[in-house]
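Colleague:
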Amino acid sequence: MRVWNNKNGIYQIYPRSFYDSSGNGVGDIRGIIEKLDYIKGEVDSLGIDAIWLSPFFLSPMRDFGYDVADYRQVDPLFGTLADFDELIREAHAREIAVMIDFIPNHTSTEHPWFKQALADPSSDRRAYYVFRDAAPGGGPPNNWKSVFGGSAWEYDGESGQYYLHTFLPEQADLDWTNPVVQHEMAEVAHFWFRRGVDGLRIDAVRWLAKDPLFRDDTPRKTENETNEYETVEHDRSRGGENLEEYLSVLTSAARQYDDRLIIFEYHIDPRMPYEAQAVRMYNVSPQYAAPFNFDGIFVPFSARQLGETIKRYQLLVPKESRAFYCFSNHDEPRLASRVGERQARAMAVLQLTLPGTPVIYYGQELGMKNVVVPEELAQDPVKGAGNRDGERTPMQWSGERLAGFTTANQPWLPVAPDFEQYSVASEENDTHSSLSLYKTLLRLRKDEPALAPDALFSIDLITDALFAFTRTSDAGTLCIVINFSDAHVHYEFKRAGSCIVSAQGNTYEETSGEISIEPFDAIVFRVQQF
Ligand code: NOJ
9 MRVWNNKNGI YQIYPRSFYD SSGNGVGDIR GIIEKLDYIK GEVDSLGIDA
59 IWLSPFFLSP MRDFGYDVAD YRQVDPLFGT LADFDELIRE AHAREIAVMI
109 DFIPNHTSTE HPWFKQALAD PSSDRRAYYV FRDAAPGGGP PNNWKSVFGG
159 SAWEYDGESG QYYLHTFLPE QADLDWTNPV VQHEMAEVAH FWFRRGVDGL
209 RIDAVRWLAK DPLFRDDTPR KTENETNEYE TVEHDRSRGG ENLEEYLSVL
259 TSAARQYDDR LIIFEYHIDP RMPYEAQAVR MYNVSPQYAA PFNFDGIFVP
309 FSARQLGETI KRYQLLVPKE SRAFYCFSNH DEPRLASRVG ERQARAMAVL
359 QLTLPGTPVI YYGQELGMKN VVVPEELAQD PVKGAGNRDG ERTPMQWSGE
409 RLAGFTTANQ PWLPVAPDFE QYSVASEEND THSSLSLYKT LLRLRKDEPA
459 LAPDALFSID LITDALFAFT RTSDAGTLCI VINFSDAHVH YEFKRAGSCI
509 VSAQGNTYEE TSGEISIEPF DAIVFRVQQF
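By the numbering used here, the letter at position 406 of the sequence shown is numbered 414, and the numbering carries on one by one without gaps.
#1: Cβ of Y290 within 7 Å of any heavy atom in the ligand NOJ?
#2: With a 10 Å radius around its C-beta and 16 neighbouring C-beta atoms as the bar for buried, classify Q169 as buried or exposed.
#3: Spatial neighbours of S431 within its chain, please: CB distance less than 8 Å, with the 5 preceding and 5 following residues excluded, ordered by chain position.
#4: I'd like to know whether the C-beta atoms of P366 and Q322 end up nearer to each other than 8 Å.
#5: When the Cα atoms are used, what is the spatial distance from H498 to D28?
#6: Can you tell me whether F199 is buried or exposed? The criterion is at least 16 other CB atoms within 10 Å of its CB, across all chains shown.
#7: When the distance is taken between beta carbons, is L44 closer than 8 Å to A125?
#8: Taking the C-alpha atoms as reference points, what is the distance between E383 and N32?
#9: Beta-carbon within less than 7 Å of F302's beta-carbon, same chain only, minus the 5 sequence neighbours each way: which residues are those?
#10: Please report the distance separating the alpha-carbon of P120 from that of A77.
#11: Evaluate contact between the stretch 500-515 and the stretch 337-345, counting only Cβ atoms and requiring at least three cross-stretch pairs below 8 Å.
#12: Across the stretch 65-85 and the stretch 139-152, are there enough close Cβ pairs to call them in contact, namely three or more that are closer than 8 Å?
#13: By DSSP, does G521 sit in helix, in strand, or in coil?
#14: Taking the beta carbon of A352 as the centre, do at least 16 other beta carbons fall within 10 Å, making it buried, or is it exposed?
#15: Under a three-way DSSP split, which group does G158 fall into?
#16: Going straight from the alpha carbon of E231 to that of N291, what length do you get?
#17: What's the call for F306, buried or exposed, on a 16-neighbour Cβ count within 10 Å?
#18: Hey, out of A433, L474, A262 and G394, whose CA is closest to G157's CA?
#19: Hey, would you say the C-beta of H440 is under 7 Å away from at least one heavy atom of the ligand NOJ?
#20: Near the ligand NOJ, which residues have their beta-carbon less than 5 Å from any of its heavy atoms, given in chain order?
#21: What is the rounded straight-line gap between the Cα of L449 and the Cα of E249?
#22: Looking at the structure shown, is Q537 part of a helix, part of a strand, or coil, going by DSSP?
#23: Determine, using beta carbons only, whether F492 and F300 come nearer to each other than 8 Å.
#24: Decide if the stretch 201-213 is in contact with the stretch 100-120; the criterion is three or more beta carbon pairs, one per stretch, under 8 Å apart.
#25: Give the DSSP-derived three-state secondary structure of S442 in the structure shown.
#26: For V189, which three-state DSSP category applies?
#27: Which value, in whole angstroms, describes the spacing of the CA atoms of A463 and G247?
#28: Since K502 is in the beta strand (DSSP E), which residue starts that stretch and which ends it?
#29: When you compare the CB positions of A354 and A530, do they come within less than 8 Å of one another, or not?
#30: In this structure, does DSSP put T174 in helix, strand or coil?
#31: For the stretch 326-402, list the beta strand (DSSP E) runs that are entirely contained and at least 3 residues long, ordered along the chain.
In structure tokens form, the structure reads like this:
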């Protein structure tokens with residue numbers, strides 16, 4: 009990939025939860041500026057080259073910023089455009105690239121475009137959205153479901169029509185078949201690129217292109233299905249054939265600047281061929297855009313399953329591009345809660361030694377876990393099983409009051425009860441902490457040509473317990489062996505060498521031949537040069 013050549017990682021910041029500089033209980037842009045040195049710039053920083061900010065745009069916050077009321081404004085809760093410009097300057101001074109969330113599928117119903125579309129059905133704005141008449145017998149135009157529950161159609165009593173909302177009723181879908189919408193969104197991309205933004209993370213990519221005839225989704229056999237969204241195949245409501253064309257509106261904007269990158273939030277549909285979907289995303293613009301790889305989230309903690317899926321993925325990544333391995337984010341339970349604490353350390357070794365660019369969710373490096381948020385404090389509009397509050401709680405900076413996140417009486421979501429143990433301050437001074445492991449691995453990624461994003465990757469072994477692979481550059485070879493089991497497992501090294509990192513802090517003697525890998529350990533082994 010020509011752009012972003014040397015970026016060794018992307019750190020996802022959820023602005024509400026990173027650092028509150030204003031004392032109102034919600035994180036903000038100045039808070040991010042204050043904490044940039046944690047990411048890069050000091051000897052002791054993590055040493056990550058890029059940040060991605062979840063939405064900070066003007067919004068009624070029904071979906072915490074994924075409901076945008078003005079794409080060109082910073083919500084006052086987070087600060088001002090001047091603060092954002094300063095963030096760009098400060099980040100760039102530390103050679104940190106800044107990537108922002110970009111939400112093209114829908115706007116807030118508070119957006120002036122939508123307000124006008126409702127107020128005056130004959131205005132041009134009406135065609136920015138997807139308004140349709142009721143079905144012939146009455147009721148919603150078709151059977152499409154909202155990801156967040158219920159029908160994807162909301163009735164507008166004034167005009168007697170329905171509008172489409174793939175997510176909340178307060179998030180109205182834009183109509184990407186309308187060239188004016190395409191132009192508007194390209195202009196928004198230019199607005200941020202001109203301000204110095206280095207990349208866009210594109211939200212909800214699959215839904216941009218729908219069936220132009222608005223036919224029903226195919227019903228599924230639904231025995232035992234409790235999630236209404238999963239009662240239909242999403243064969244008509246998403247992934248339509250014009251998707252590439254719409255995405256290229258955004259990649260074309262990126263291409264007009266130096267060194268910009270676009271990453272698609274595209275979830276592979278397990279019911280459709282895996283390779284074809286990933287390749288489809290890479291083919292939009294291999295040098296400028298790539299999909300996230302979410303296998304570290306959705307594939308079970310298993311040597312065989314993860315090994316096979318990574319093998320398949322690396323084969324399909326085009327030469328000009330690379331993988332973006334994302335192991336946790338603001339929509340899914342935290343890594344350490346999903347797989348377990350020791351297992352999460354093994355996953356850190358995996359993520360940070362794979363080719364491509366790792367995407368690290370704030371607090372992942374501390375081993376932060378999901379917090380059980382009592383119902384009366386819940387914030388996420390998604391209730392029940394899919395609730396996402398638990399993975400969005402405040403960053404744990406120190407053992408001080410409220411983890412040093414805010415001086416307010418109460419943060420917007422509660423702080424984890426175990427924050428004293430899992431905080432930056434306590435882990436910084438502990439060589440065995442998760443934070444120290446991440447720092448070691450990130451440093452290694454920087455220093456070792458064999459761990460460069462494009463250095464060779466070759467799979468050595470996949471068994472029920474072990475996944476082993478090598479990374480090679482002209483300067484040498486590293487062998488990474490991950491034991492996914494809770495037992496000792498033997499591994500036969502073909503060449504002599506020494507262990508330079510152990511996920512669980514174990515020591516292994518100078519090695520040649522067979523060694524016994526400790527439970528859930530993941531080791532980086534430097535192969536001796538002849
Ligand atoms: C995906 C985002 O990651 C999620 O947080 C949001 O709710 C939906 N898209 C809708 O924008």
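Glycine included, every Cβ here is placed at the ideal spot set by N, Cα and C.
Modeller: Put simply:
#1: no
#2: buried
#3: L374, Q404, W405, S406, G407, A411 and G412
#4: no
#5: 48 Å
#6: exposed
#7: no
#8: Taking the straight line from one Cα to the other gives about 21 Å.
#9: H275 and C334
#10: 7 Å
#11: Touching, no, given that fewer than three Cβ pairs across the two stretches are closer than 8 Å.
#12: no
#13: strand
#14: With 16 or more other Cβ atoms within 10 Å, it is buried.
#15: coil
#16: 37 Å
#17: exposed
#18: Proximity to G157 across A433, L474, A262 and G394 peaks at G394, based on C-alpha coordinates.
#19: no
#20: D71, Y74, F175, D211, A212 and D339
#21: 41 Å
#22: Note: Q537 maps to coil in three-state DSSP.
#23: No.
#24: yes
#25: helix
#26: helix
#27: 33 Å
#28: V497 to S510
#29: Result yes, Cβ atoms of A354 and A530 sit closer than 8 Å.
#30: coil
#31: 332-334 and 365-369
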